[in-house]
Each structure stands twice: as structure tokens, then as C-alpha cells.
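This report concerns only the one structure given below.
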Amino acid sequence: MRPSGREQVPSREAFQRLLSSLDSDPRQAGEKYEGLRRKLIIFFLARRGQHAEESADEALDRLGRRLAEGERIHDVGRFAYGVARHVHSEDLRRLRRRRRALQAFAGSTPDPRWAFAADEGLECVRQCIAQLEVEDRRFIIDYYDGSGRDLQQARKELAERLGITPTALRLRSYRLRRLLEVSVRQCLQGRAEGGAHRGGRG
Amino acid sequence: MTRPAAGASADIERYLLGRMSSREMAAIETRLFEDDQFALAVEDGEDDLIDRYLHDELSAADRRAFEEHFAASPLRQERIAFRRVLPEAVAGRATAGAVAAVRPTPWRALPRWAGLAAVLVLGLWILQRRPGPLPPSPGVSPPITIGGSSPPSSEPAAIDAPDLVLRPGLLRSGGALPRVTARSAAVVRIDAELEEASRASLYVAAVRTVEGRVVWEGTGQPVGKDRVRVIVPASALRPGDYLLRVGVSGRPGPESTEYPFVVAPPGAR
């Protein structure tokens, strides 16, 4: 879900313009797009963005629209950084307004110890991993399991074993992780809604 | 993988933990957007921080910064929780008992469970959306012990009861095969008894049809010294005849054992 106030959907043309500005080869462009998106997410997370993914997408949408409007951008990465700073400023303003409105609730973040649905989280992750294709499942296990060794070294070896570059390895893990994150989220939501329904009946 | 110089690595950590001035942040971010290798190093830095947090290797100050800054966003909380549960999910470990044990204990005082607390953060996400009490765990049907299977014995409290227990040698004995009924539950828990006691900590497992088509591959965890628990998604098991193969992780196939079993259609006897 987008933070409120941002509902403008980018046109197909804007998206295509952004892709072609990243690389003339569609495959390379797709990979660079995801790389840029990851950088934006890092940026928003470092600034404690509560909706880092949505903010990153917003920045990319704006970038695409500027390109579609005919703006000449020489360095897309640097330009994206500028757009991200604007988006972040807007996020902060929005957050401040909301905080004022919800001041009564300030500082009421629940203690993590209150939450004890870890078995559900584990079950959902387990279920979602089990639903992956065999190759993907093997990959995600290898990627995150250093078996006590240096994880970065283990990943370097994994890339060598698969005959792919570290960047390609990262990209594959990123895509799988996104897939898993979405499916785990849906799984948890399904369980929460199921619980709410059961609670409502009881 | 990308290994930044020690100074860059320290800067990345400071950046991720929110310990930089605005000017320093701008310098790091400029480099982040211009240098793909540096961006990879920052991602490595994130993973590294999460690992060290989960292994209780951060200093008190770093841990505080991690919790207050690095883990401030729901996305990072999900990632931390995901990283924490992934090895357990892969190994198929049941943690219900462990969760109950950690509940009354301050999480920082228990390095072993420090990571689990991160999982609990994931639960916040649920609680924030749940008006009522937590739902019960998914129901587990009693173990089915038809044919050569044996009743489960001396199960640790933290491990759910199996839906099916398989013994070795059934292929040779020619007796009735263990049978489980296809059902709507998400997973089928199968315990395979080993031919001899083993101290392996992880097993590889695969289920295939008698025609040889692999329907599921994954790992199994030891339940005591003579059993391996595998958890198979129910969606993979349509009515039919199957073979479960279990072997010690890292060893080639010949040392594995095969167990036949049958998935009966719902309502079948």
C-alpha cells in the first residue's frame, strides 16, 4: 500500500523510458532497475523510513515520469538519489503531521516480548519455502546457510559453484527473498484473519 | 563477495546504525548510488549486522543502535525475523515449546534466544492487525500407525506429533504399507525411523512417486538418535504410492534409506 497522498500510477511509457535509460538491453535494464530499487530501499531504511519499499517505488515512478516528460538525465543513479531525498522530505512532513494527530499514542510501541506468534511465523516461512521450486529452495538454503563458516565466503563459493557472478547471485537471492517475503506476509495475514474470524465467532 | 576495506566497512556499519552526521550520510549515499560494488558491500553489511545481532555478537551500544535505528522499519523487522527462522524452517524444527519457554524471560539475557525475539517482532505485525486473541496452532491429527508403522514414543515436548511413522525394511517385508489420508492441513509430518542410531544434525530427504517423479525435496531434523522428522507440504501429496528417501546431509545417495507409504484419498479406509 502506498503512503497516503500518492496514488498516481506511472504510465507504461514512463516505465519503459526508465528501463531504456538504464540499459538498451532489456534484460540488463531489468537487472539495473532492481539494483537501483535496492539502493533506494537502503537509502529509505537508513533514514528510518517506515515504508521503504513504497517510497523507493514512488521515487522510481517520479523518475520515470520525468524521463517520459522529456527531461534529459545524464546520470540516472545520481538523479534518483535527488528524487529520493525529495520523497523522503515529503514522507517526514507527512509523518510529523500524523504524529501530531496521534500524539496520544506516541511511545506506545509494544514490547517485542508481547508478541509470541513465532511459531506461526516459523510455520509460514517453512510453508512458503516448501512451496518454492526445488532449485529455488536449494538456492535459498545454500545462500543463507554458511554452516558456521564466513557467510560472505560461503556465498562466493556458491557463486563459483553455480557459475554466476556475485551480482547475479545477489540478484537471484533478492528476487527469491522478495517472493518469500510477500508469500510469508500473505500467509501471516491469512492466519491473522482466520484467528480474528474464529475470535469473532467465539 | 564484495569485501570493502576495513575503513569503508566501519563507515557502512556506522551508516546502517544511524551514527553518521548529515554530511557523512550524504557522502555515503552519493557513493551508494554511483558505485554498484559499494552498494553490494552495504547489503553485505546489512546481512553481517543481522547475523551478529542474532548471534549476540554486538556490543551493548551496537545492539541498542541496532534495535532503535537499524530495526526501526517493518521491512527490516521482517528481514531479521526471516533470517532468524530460515535455518529452523529449513531444518524443520518445531519451536512451539521453545517459544513458550522464552516468553517470561528477558530476551537480552538469553543469547540463545536473542534471535527468536526478532521473530517475535514479526508477531507484532500480526498483533497490530488482530483484534481478538491469538488463534490456536493448526490442528494436528493423531498419528496414523497402519501396517508396519509404530506408535510415536518418547517425543520431546517441543516436537509436534507425527502424522505418519515409517520403519525401515518395509520394502523387503512385503507387508501392508503405512498409510496417511490426504487432508486439508498445510503439512504432513513424517517420522522415519533409522536403521541404526545416528548423531547427524541434518538429513536430506525427498519424496517421489513409485514412478520416480520427485514431488518434494528438503531436509529433515533428528528426533532423538533413531528418528528423522520431515515436514512435507500436503499439497505435494496427492493420493497414490510414494517413497520417502532419507540420507545424512552431505553424504552421497547410497547411504540413504527408502520408506514406502501410501496417501489414501479422503474418506478411504
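First to last, the protein sequences are chains A and B.
Each residue of the first sequence is one higher than the one before, counting from 1 in the working numbering.
Each residue of the second sequence is one higher than the one before, counting from 1 in the working numbering.
A virtual CB, placed ideally from N, CA and C, is assigned to each residue, including glycine.
Exercise for the section: Quick one: list the residues of chain A neighbouring F66 (chain B), beta-carbon separation under 9 Å, in chain order. Expected result: Position 66 of the second sequence, counting from 1, holds the residue named residue 66 (chain B). Those do not exist, as F66 (chain B) stays about 13 Å from chain A at its closest Cβ, beyond 9 Å.
Practice task
Answer yes or no: does any C-beta atom of chain B fall closer than 8 Å to that of A106 (chain A)?
Solution key: As a working mapping, residue 106 (chain A) is identified with position 106 in the first sequence. Because the pLDDT of A106 (chain A) is 43, which lies under 50, any placement of that residue in the model is unreliable, and the number read from its coordinates should be weighed accordingly. No, its Cβ sits nowhere closer than 8 Å to a Cβ of chain B.
Exercise for the section: Classify V134 (chain A) as buried or exposed, calling it buried when 16 or more other Cβ atoms lie within 10 Å of its own Cβ. Expected result: For the purposes of this step, residue 134 (chain A) is taken as the residue at position 134 of the first sequence. V134 (chain A) is classed as exposed because its beta carbon has fewer than 16 other beta carbons within 10 Å across all chains shown.
Practice task
Could you list which residues in chain B have their beta carbon closer than 8 Å to that of I42 (chain A), in chain order?
Solution key: Along the first sequence, one-based indexing puts residue 42 (chain A) at 42. By Cβ distance, chain B contributes L32, A39, V42, E43, E46.
Practice task
Please work out which residues of its chain come closer than 7 Å, Cβ to Cβ, to L16 (chain B), disregarding the five sequence neighbours upstream and downstream, and give them in chain order.
Solution key: The sequence position of residue 16 (chain B) within the second sequence is 16, counting from 1. Within its own chain, the residues whose Cβ lies closer than 7 Å to the Cβ of L16 (chain B), once the five positions on either side in sequence are excluded, are G45, E46, L49, F70, listed in chain order.
Exercise for the section: Would you mind stating whether L58 (chain B) and R83 (chain B) have Cβ atoms separated by less than 8 Å? Expected result: Looking up residue 58 (chain B) in the second sequence gives position 58. Looking up residue 83 (chain B) in the second sequence gives position 83. Going by C-beta atoms, L58 (chain B) is not nearer than 8 Å to R83 (chain B).
Practice task
State buried or exposed for L92 (chain A), treating a residue as buried only when at least 16 other CB atoms are found within 10 Å of its CB.
Solution key: Start at 1 with the first residue of the first sequence, and residue 92 (chain A) comes out as number 92. Under a 10 Å Cβ-count criterion, L92 (chain A) is classified as exposed, with fewer than 16 other Cβ atoms of the shown protein chains found around its own Cβ.
Exercise for the section: Look at R62 (chain A) and H88 (chain A) and say whether their C-beta atoms are less than 8 Å apart. Expected result: The count along the first sequence starts at 1 and reaches residue 62 (chain A) at position 62. The count along the first sequence starts at 1 and reaches residue 88 (chain A) at position 88. Not a contact, by the Cβ cut-off of 8 Å.
Problem - Start and end residues, beta strand (DSSP E) containing L243 (chain B) - result: As a working note, residue 243 (chain B) is residue 243 in the second sequence. Per DSSP, L243 (chain B) belongs to the beta strand (DSSP E) from 240–248.
Practice task
Would you check if the distance between the CB atom of Y144 (chain A) and the CB atom of L86 (chain B) is smaller than 8 Å?
Solution key: Against the first sequence, residue 144 (chain A) aligns to sequence position 144. Against the second sequence, residue 86 (chain B) aligns to sequence position 86. Y144 (chain A) is a Cβ neighbour of L86 (chain B), given a cutoff of 8 Å.
Exercise for the section: State yes or no: is the C-beta of E31 (chain A) within less than 8 Å of the C-beta of L171 (chain A)? Expected result: The count along the first sequence starts at 1 and reaches residue 31 (chain A) at position 31. The count along the first sequence starts at 1 and reaches residue 171 (chain A) at position 171. Result yes, Cβ atoms of E31 (chain A) and L171 (chain A) sit closer than 8 Å.
Handout entry: Residues sharing a beta bridge with A264 (chain B), DSSP
Key = For the purposes of this step, residue 264 (chain B) is identified with residue 264 of the second sequence, where counting begins at 1. Residue pairing by DSSP places A264 (chain B) opposite B:T181 in a beta bridge.
Problem - Collapsed DSSP secondary structure at A197 (chain B) in the structure displayed - result: On the second sequence, position 197 is the one that residue 197 (chain B) refers to. Of the three classes helix, strand and coil, the one that applies to A197 (chain B) here is coil, per DSSP.
Handout entry: Backbone secondary structure at V76 (chain A) - three-state DSSP
Key = As a first step, residue 76 (chain A) is located in the first sequence; it is residue number 76 there, counting from the start. In the structure shown, V76 (chain A) sits in a helix (DSSP, three-state: H, G or I).
Exercise for the section: Using a Cβ cut-off of 8 Å, pull out every chain A residue sitting near D15 (chain B), in sequence order please. Expected result: Reading the second sequence from its first residue, position 15 is the one you call residue 15 (chain B). The residue you asked about is not Asp; residue 15 (chain B) is Tyr in the sequence shown. Those within 8 Å of Y15 (chain B) in chain A are A46.
Problem - Closest by C-alpha distance to C124 (chain A), when choosing among B:A81, B:P260, B:L164 - result: As a working note, residue 124 (chain A) is residue 124 in the first sequence. Scanning B:A81, B:P260, B:L164 for the CA closest to the CA of C124 (chain A) turns up B:A81.
Practice task
May I ask you to list the residues that DSSP assigns as paired with Y203 (chain B)?
Solution key: Reading the second sequence from its first residue, position 203 is the one you call residue 203 (chain B). Y203 (chain B) has B:G220, B:V248 as its beta-bridge partners, per DSSP.
Problem - Interface positions of the region 211–230 of chain B facing chain A (Cβ-Cβ less than 9 Å), listed along the chain - result: Within the region 211–230 of chain B, the residues whose Cβ lies closer than 9 Å to some Cβ of chain A are V214, W216, E217, G218, T219, listed in chain order.
Practice task
Report yes or no: do three or more beta-carbon pairs, one from the region 232–241 of chain B and one from the region 178–193 of chain B, lie closer than 8 Å?
Solution key: Yes, since at least three Cβ pairs between the region 232–241 of chain B and the region 178–193 of chain B fall closer than 8 Å, the two stretches touch.
Handout entry: Per DSSP, cross-strand counterpart(s) of I231 (chain B)
Key = Taking the first residue of the second sequence as position 1, residue 231 (chain B) is located at position 231. DSSP output for I231 (chain B) lists B:R189 as bridge partner(s).
Problem - Beta-bridge pairing of E258 (chain B) - partner residues as DSSP gives them - result: Against the second sequence, residue 258 (chain B) aligns to sequence position 258. Note: E258 (chain B) sits in a beta bridge opposite B:R245.
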